[in-house]
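The structure under discussion appears below in the form of structure tokens.
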Amino acid sequence: YDYFQFTQQYQPAVCNSNPTPCNDPPEKLFTVHGLWPSNKNGPDPEKCKNIQMNSQKIGNMAAQLEIIWPNVLNRTDHVGFWEREWLKHGTCGYPTIRDDMHYLKTVIKMYITQKQNVSAILAKAMIQPNGQNRSLVDIENAIRSGTNNMKPKFKCQKNTRTTTELVEVTLCRDRDLTKFINCPQPPQGSRYLCPADVQY
């Protein structure tokens, strides 16, 4: 892999774009979707080793993880969500990601300690989630102010004929997770590309 995508999802938009409604009301927050080893060209690695997560070891990390990395679609199954993310993506992050618990600890460190939290970065720039249409450029500039001016990646979803919601924001890090880099952009014509104005 060349770099990592640290992808965060905006809970209300995730619930709106899912065919089945969320079990519980979403919070107006960007929370973690996953930390994904990725390639600039060609497919991203997946399921590199068949090593199940030892969820017995999560212990007191669970309280933090449930807040920053909840299973938005089904809040009765946070652990299953982390297990699936670990198996599909985390197992491909060696040597930067040493093992399953290091994967979880790394996400906590990035989101909480290193403040790579999209909701907080936007709030600092006075962009609050009140469901209004905003220019994508304003959102991008706000995020760049928290990423050393590196370009994020956006994923959007049409929720009606007239509005498109911002569903995900990805911050990209180098392969050692030491610094931000510009995110490779999705190909033109990708169905998740965002228009000039999005709802947040």
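Residue numbers (our numbering): 1076 to 1275. Ideal Cβ positions, reconstructed from N, Cα and C, are used throughout, including at glycine. Keep in mind that this is a model prediction, so the values were computed, not measured.
Query                                                                                                         : Result
CB contact flag (K1226, Y1267, <7 Å)                                                                          : no
Cutoff 7 Å; reference R1150; Cβ partners in own chain excluding five residues on either side                  : N1098 and D1099
CA-to-CA distance, C1247 to K1103, given in whole angstroms                                                   : 23 Å
Start and end residues, beta strand (DSSP E) containing Q1243                                                 : A small correction: the amino acid at residue 1243 is Glu; Gln does not occupy that position in the sequence shown. Here the beta strand (DSSP E) through E1243 covers T1239 to D1249.
Beta strand (DSSP E) runs contained entirely in the stretch 1170–1240, provided each spans 3 or more residues : 1208–1210 and 1228–1233
Ordered list of alpha helix (DSSP H) runs contained in the stretch 1103–1180, each at least 4 residues        : 1136–1143 and 1153–1163
Range of the contiguous beta strand (DSSP E) that encloses Q1080                                              : Y1078 to Y1085
Buried/exposed call for V1273, threshold 16 Cβ in 10 Å                                                        : buried
Local Cβ density within 10 Å of G1206, reported as buried at 16 or more and exposed below that                : exposed
Among P1145, N1224, N1093 and V1089, nearest to V1107 - alpha-carbon criterion                                : P1145
Contact under 7 Å by Cβ, G1109 with H1153                                                                     : no
For Q1274, the first and last residue of its enclosing beta strand (DSSP E)                                   : D1272 to Q1274
Pairwise C-alpha distance: N1192 and I1202                                                                    : 13 Å
Touch test, the stretch 1076–1084 against the stretch 1114–1134, Cβ-Cβ under 8 Å, three pairs minimum         : yes
Rounded straight-line distance, which links the Cα of V1242 to that of I1196                                  : 16 Å
Inter-residue spacing [alpha-carbon to alpha-carbon] between V1212 and G1134                                  : 41 Å
M1136 and W1161 closer than 7 Å at C-beta                                                                     : no
Residue nearest to T1222 in terms of C-alpha spacing, selected from C1090, N1234, D1249 and P1204             : D1249
C-beta atoms of I1143 and Y1085 nearer than 7 Å                                                               : no
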